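Student: Line order of the protein sequences matches chains A and R.
Using the working numbering, read the first sequence as starting at 75 and increasing by one per residue.
Using the working numbering, read the second sequence as starting at 75 and increasing by one per residue.
Where a beta carbon is used, it is the ideal one built from N, C-alpha and C, also for glycine.
In this text the structure is predicted, and so the values were computed from the model without any measurement.
Protein chains: 2
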Amino acid sequence: MHVLITGAAGMIGRKLSARLVKDGQLNGQKIDRLTLIDVVAPEKPTGFGGAAELSASDLSSPGAAAKAIAGKPDVIFHLAGVVSGEAETDFDKGYRVNLDGTRALLEEVRAAGYKPKVVFTSSIAVYGAPFPASIADEFQLTPLTSYGTQKAICELLLADYNRRGILEGVGIRLPTICVRPGKPNNAASGFFSGIIREPLAGQEALLPVSESVRHTHASPRSAVGFLIHAAGLTREQLGPRINLAMPGVSCTVGEQIDALRRVAGDKVAARIRRHPDELVQRIVSGWAERLDAKRARDLGFKAEANFDDIVRAHIEDELGGKIAN
Amino acid sequence: MHVLITGAAGMIGRKLSARLVKDGQLNGQKIDRLTLIDVVAPEKPTGFGGAAELSASDLSSPGAAAKAIAGKPDVIFHLAGVVSGEAETDFDKGYRVNLDGTRALLEEVRAAGYKPKVVFTSSIAVYGAPFPASIADEFQLTPLTSYGTQKAICELLLADYNRRGILEGVGIRLPTICVRPGKPNNAASGFFSGIIREPLAGQEALLPVSESVRHTHASPRSAVGFLIHAAGLTREQLGPRINLAMPGVSCTVGEQIDALRRVAGDKVAARIRRHPDELVQRIVSGWAERLDAKRARDLGFKAEANFDDIVRAHIEDELGGKIAN
């Protein structure tokens with residue numbers, strides 16, 4: 075089994091690589107070859123006994139996509155992409171990387187004439203307000219960002235290439251990944267993770283929105299689980315509608331804080347400081363609050379049961395079980 | 075007012091050109107310039123007093139899109155495209171013309187730095203079975219053809235360019251155009267028009283499906299009306315969801331035949347011969363039967379009230395009011 079991961083140097087890419095190495099197999103087959111690419115060269119995952127190729131490559135550059143699949147990987151996890159904020163500020167780069175890069179990859183698969191499994195990470199940014207109380211699987215895609223537009227277009231391409239038998243595709247719409255490890259960043263969504271991560275690390279965190287704001291979250295651990303589960307689904311299980319909203323925990327910011335308090339105590343939860351920011355509040359108000367994700371749940375995708383579990387996953391996976399007092 | 079029509083040599087393009095020349099104005103402004111392009115040079119519409127440019131051009135060819143909008147048309151009717159059957163049999167041509175050609179046009183508008191109205195003809199082929207009894211405006215797009223995929227992608231692009239203020243876009247999803255004038259063709263949908271057109275012209279027509287098959291139709295006259303109405307809608311009226319399912323007459327094949335009999339008599343209706351074709355039956359079973367088109371109706375788009383009116387429109391517009399006995 076040869077696995078290719080694009081965007082392998084990113085947070086999810088690294089966790090997916092580590093998990094595949096730990097599992098040693100995918101869909102019951104031994105992984106003997108890993109190709110990891112990203113715009114910066116990914117590190118070799120520790121403990122992998124097979125052949126690992128690591129390369130710095132932008133799929134939208136001439137020849138890069140062909141090179142990426144030259145070894146005919148059996149499973150392609152296509153995670154590479156410019157993030158939401160950058161796709162909005164740099165129109166050309168967003169379309170080039172997120173749309174042209176993905177299309178180049180699909181076209182090279184077609185040219186290579188074999189039929190890999192392609193797991194594509196889409197996003198709930200494909201949806202755009204106004205929303206019903208909970209977004210059904212049949213709800214339209216009317217993205218309100220260029221990032222969401224590019225993800226929706228790639229979903230359509232993937233479905234058409236899948237329908238034509240060029241590849242076996244599955245697109246998974248990830249909810250907000252929380253708790254995202256690492257440094258605070260300037261993404262509008264950053265506070266959803268920040269208000270959990272910083273207090274657990276002994277730092278103060280700013281909360282720019284009201285506690286009534288509702289959003290849907292899944293842990294990095296669940297996101298990796300979605301990817302691996304998606305790779306194992308058959309064409310028969312998926313049917314023609316191969317792009318799926320993933321499950322997650324829908325909760326308010328207030329419920330996030332309650333969960334943090336239950337898991338880590340009052341002292342930790344007290345490190346959150348209210349600091350309203352109208353711009354962030356306005357951006358967040360256009361985001362999906364809750365999704366049914368019925369098809370994904372029926373197909374066996376599993377997220378955390380509640381936000382307490384998301385907090386615990388972060389403490390276990392990122393903090394070695396230790397909370398800063 | 076300078077109007078550009080792409081795909082101007084096609085059936086709808088010619089009727090739109092003729093209507094604009096007859097009206098002499100669009101959105102209350104005198105039309106003094108018409109640019110008509112298609113892969114074959116369109117004919118100059120008779121009776122136009124202004125400046126007409128006619129050119130044979132494929133928007134997906136290098137430089138063609140820039141040339142098409144060099145005169146900065148105020149309103150662009152983008153009708154050009156490879157039809158459904160050809161997009162399915164020629165993968166590369168379909169994506170090149172329907173996707174890359176449209177994207178080139180949008181990109182050249184962006185480069186030109188002005189903000190035209192762009193009216194894009196999409197199709198109900200953006201929907202894919204299984205369907206609810208009637209398709210709501212919020213229903214997802216899961217096309218089952220490459221043509222439908224390309225139309226859905228262009229809708230997403232148009233909405234993003236509109237959202238960013240690059241242009242004023244509106245996409246209209248046309249139902250099946252019936253009665254399509256001209257010769258019978260091999261399109262799977264051809265019989266919907268054929269069973270009306272041929273009997274009215276004194277010819278026998280074959281009916282390949284059961285009379286219980288339901289479908290949605292609008293006359294060529296209505297389609298032209300949709301285009302002109304769309305050009306007059308403001309950004310405020312449309313909001314961010316600029317792609318709209320158009321209204322039409324939803325009826326069964328049996329009801330089509332009943333309408334023909336009411337309008338043209340038993341002798342004409344008797345020229346339809348049942349000739350079941352399993353392939354056509356299977357293709358048609360994947361098509362949308364009925365659409366709410368509530369937003370479009372609320373925005374003032376008007377189709378015929380019933381299939382009798384569609385038959386009458388054909389007799390008036392194509393047959394000079396005369397039915398073959």
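In terms of residues, what are the limits of the alpha helix (DSSP H) holding Ala343(A)?
Tutor: Walking along the first sequence from the start, residue 343(A) turns up at place 269. From DSSP, the alpha helix (DSSP H) with Ala343(A) extends over 340-343.
Student: Give the residues of chain A in contact with Glu182(R), contact being defined as C-beta atoms less than 9 Å apart.
Tutor: Mapped onto the second sequence, residue 182(R) falls at position 108. Correct list: empty, because the minimum Cβ distance to chain A is about 14 Å.
Student: What residues from chain R crowd round Pro314(A), counting only those whose CB sits closer than 8 Å?
Tutor: Counting from one through the first sequence, the residue named residue 314(A) turns up at place 240. Those are Gly202, Thr216, Leu218, listed as they occur along chain R.
Student: So that I know if they touch, is there some Cβ in chain A lying closer than 9 Å to that of Phe213(R)?
Tutor: As a working note, residue 213(R) is residue 139 in the second sequence. Closer than 9 Å: yes.
Student: Under 8 Å by Cβ, that's how I've got Val253(R) and Ser293(R) pegged, so tell me the actual separation to the nearest angstrom.
Tutor: Position 179 of the second sequence, counting from 1, holds the residue named residue 253(R). Position 219 of the second sequence, counting from 1, holds the residue named residue 293(R). Right, the Cβ-Cβ distance comes to about 7 Å (below 8 Å), so this counts as a contact.
Student: Between Ile269(R), Asn172(R), Ala367(R), which lies nearest to Cys228(R) when the distance is taken from Cα to Cα?
Tutor: As a working note, residue 228(R) is residue 154 in the second sequence. Of the listed residues, the one whose Cα sits closest to Cys228(R) is Asn172(R).
Student: Within a Cβ cutoff of 8 Å, which residues of the same chain sit near Glu272(R), ignoring the five residues on either side of it in sequence?
Tutor: Your numbering for residue 272(R) matches position 198 in the second sequence. Same-chain partners within the cutoff: Pro258, Glu278, Ala279, Arg345.
Student: Compare the Cα-Cα distances from Asp211(R) to each of Asp112(R), Arg247(R), Phe194(R) and report the closest residue.
Tutor: The residue you call residue 211(R) lines up with position 137 of the second sequence. Taking only the C-alpha atoms, the option nearest Asp211(R) is Arg247(R).
Student: Quick one: which residues of the region 225-245 of chain A get their C-beta closer than 8 Å to a C-beta of chain R? List them in chain order.
Tutor: Going along the region 225-245 of chain A in chain order, one finds Ala226, Ile227, Leu230, Leu231, Ala233, Asp234, Arg237, Arg238 with a Cβ nearer than 8 Å to chain R.
Student: I think Ala362(R) touches Ile209(R), with their Cβ atoms under 8 Å apart; what is that distance to the nearest whole Å?
Tutor: Locating residue 362(R) in the second sequence gives position 288, counting from the first residue. Locating residue 209(R) in the second sequence gives position 135, counting from the first residue. With 8 Å as the limit, Ala362(R) and Ile209(R) qualify as a contact, their Cβ atoms being about 6 Å apart.
Student: Just reading off the beta strand (DSSP E) that Cys325(R) is part of, what are its end residues?
Tutor: Position 251 of the second sequence holds residue 325(R). Here the beta strand (DSSP E) through Cys325(R) covers 323-326.
Student: Can you tell me which residues form a DSSP beta bridge with Gly243(R)?
Tutor: Position 169 of the second sequence, counted from the start, is the residue given in the question as residue 243(R). Gly243(R) pairs with Val192(R).
Student: DSSP state of Lys141(R), grouped into three classes?
Tutor: As a position in the second sequence, residue 141(R) is number 67, starting the count at 1. Correct three-state label for Lys141(R): helix.
Student: Figure out for me which residue from Lys118(A), Val113(A), Asp132(A) has the closest Cα to the Cα of Gly107(A).
Tutor: Within the first sequence, numbered from 1, the residue matching residue 107(A) stands at position 33. A small correction: the amino acid at residue 107(A) is Arg; Gly does not occupy that position in the sequence shown. Nearest option by C-alpha distance: Lys118(A).
Student: Report, in whole angstroms, the separation of the C-beta atoms of His291(A) and Ile384(A), which I expect to be a contact under 8 Å.
Tutor: Locating residue 291(A) in the first sequence gives position 217, where the first residue counts as 1. Locating residue 384(A) in the first sequence gives position 310, where the first residue counts as 1. With 8 Å as the limit, His291(A) and Ile384(A) qualify as a contact, their Cβ atoms being about 6 Å apart.
Student: Within the continuous beta strand (DSSP E) that includes Ser129(A), where are the two ends?
Tutor: Counted from its first residue, the first sequence places residue 129(A) at position 55. That run of the beta strand (DSSP E) goes 125-130.
Student: Please return the same chain residues whose Cβ sits closer than 7 Å to the Cβ of Gly124(A), not counting the five positions on each side in sequence.
Tutor: Residue 124(A) sits at position 50 when you count from the first residue of the first sequence. Here the set comprises Ile105, Asp106, Arg107, Leu108.
Student: I think Val337(A) touches Asp382(A), with their Cβ atoms under 8 Å apart; what is that distance to the nearest whole Å?
Tutor: As a first step, residue 337(A) is located in the first sequence; it is residue number 263 there, counting from the start. As a first step, residue 382(A) is located in the first sequence; it is residue number 308 there, counting from the start. So it is a contact: roughly 6 Å between Cβ atoms.
Student: Going by beta carbon distance, what residues of the same chain come within less than 8 Å of Gly217(R), once the five residues before and after it are set aside?
Tutor: In the second sequence, counting from the first residue as 1, residue 217(R) sits at position 143. Correcting the residue type first, residue 217(R) is Pro in the shown sequence and not Gly. Excluding residues within five positions, the ones whose Cβ falls inside 8 Å are Ala199, Val200, Tyr201, Gly202, Thr223, Lys225, Ala226.
Student: For a cutoff of 9 Å on Cβ pairs, would you count Pro206(A) as touching chain R?
Tutor: Your numbering for residue 206(A) matches position 132 in the first sequence. It does; some Cβ of chain R falls within 9 Å.
Student: Report the residue ranges of all beta strand (DSSP E) runs contained in full by the region 248-297 of chain A; include only those spanning at least 3 residues, in chain order.
Tutor: 279-281, 288-292, all fully within the region 248-297 of chain A.
Student: Considering only the beta carbon of each residue, do Pro314(A) and Arg369(A) sit closer than 9 Å?
Tutor: The count along the first sequence starts at 1 and reaches residue 314(A) at position 240. The count along the first sequence starts at 1 and reaches residue 369(A) at position 295. The answer is no: Cβ separation not under 9 Å.
Student: Measure the C-alpha to C-alpha separation of Gly81(R) and Pro255(A) and round it to an integer number of angstroms.
Tutor: The sequence position of residue 81(R) within the second sequence is 7, counting from 1. The sequence position of residue 255(A) within the first sequence is 181, counting from 1. One C-alpha to the other measures close to 52 Å.
Student: Does any CB atom of chain R fall closer than 9 Å to the CB of Phe194(A)?
Tutor: Numbered from 1 along the first sequence, position 120 holds the residue referred to as residue 194(A). It does not: the Cβ of Phe194(A) has no partner Cβ on chain R nearer than 9 Å.
Student: As a quick exercise: from Lys189(A), Leu274(A), Leu231(A), Ser197(A), pick the residue whose alpha carbon is nearest that of Gly239(A).
Tutor: Position 165 of the first sequence, counted from the start, is the residue given in the question as residue 239(A). Selected option, being the one with the closest Cα: Lys189(A).
Student: Identify the residues that DSSP records as bridge partners of Leu110(R): which are they?
Tutor: In the second sequence, counting from the first residue as 1, residue 110(R) sits at position 36. Paired residues: Ile79(R), Leu128(R).
Student: Examine chain A for any beta-carbon lying closer than 9 Å to the beta-carbon of Thr163(R), and answer yes or no.
Tutor: The residue you call residue 163(R) lines up with position 89 of the second sequence. It does not: the Cβ of Thr163(R) has no partner Cβ on chain A nearer than 9 Å.
Student: Starting from the beta carbon of Thr223(A), find every residue of chain R whose beta carbon is closer than 9 Å, and list them in chain order.
Tutor: As a position in the first sequence, residue 223(A) is number 149, starting the count at 1. Under the 9 Å cutoff, chain R gives Leu230, Leu231, Ala233, Asp234, Arg237.
Student: Going by DSSP, what residue range makes up the alpha helix (DSSP H) through Val387(A)?
Tutor: Walking along the first sequence from the start, residue 387(A) turns up at place 313. Going by the sequence as given, residue 387(A) is Ala instead of Val. From DSSP, the alpha helix (DSSP H) with Ala387(A) extends over 381-392.
Student: Which term fits Ser296(A), buried or exposed, when burial requires 16 or more other beta carbons within 10 angstroms of its beta carbon?
Tutor: Here residue 296(A) refers to the residue found at position 222 when the first sequence is read from its first residue. Label assigned to Ser296(A): buried.
Student: Can you tell me which residues form a DSSP beta bridge with His152(R)?
Tutor: Here residue 152(R) corresponds to residue number 78 of the second sequence, with the count starting at 1. Answer by DSSP bridge pairing, in chain order: Thr80(R), Phe194(R).
Student: By DSSP, does Lys403(A) sit in helix, in strand, or in coil?
Tutor: Given a span of 75 to 399 for chain A in the structure shown, any question on residue 403(A) remains unanswerable.
Student: Is it true that the region 122-139 of chain A meets the region 315-334 of chain A, where meeting means three or more beta-carbon pairs spaced less than 8 Å apart?
Tutor: Contact between the region 122-139 of chain A and the region 315-334 of chain A is absent, because fewer than three Cβ pairs lie under 8 Å.
Student: Give me the Cα-Cα distance between Tyr169(R) and Asp234(A), rounded to the nearest whole angstrom.
Tutor: One-based indexing of the second sequence puts residue 169(R) at position 95. One-based indexing of the first sequence puts residue 234(A) at position 160. Approximately 11 Å between the Cα atoms of the pair.
Student: When DSSP labels each residue in this structure, what does Phe205(A) get in the three-state scheme?
Tutor: As a first step, residue 205(A) must be located in the first sequence, where it is residue number 131. In the structure shown, Phe205(A) sits in coil (DSSP, three-state: anything other than H, G, I, E or B).
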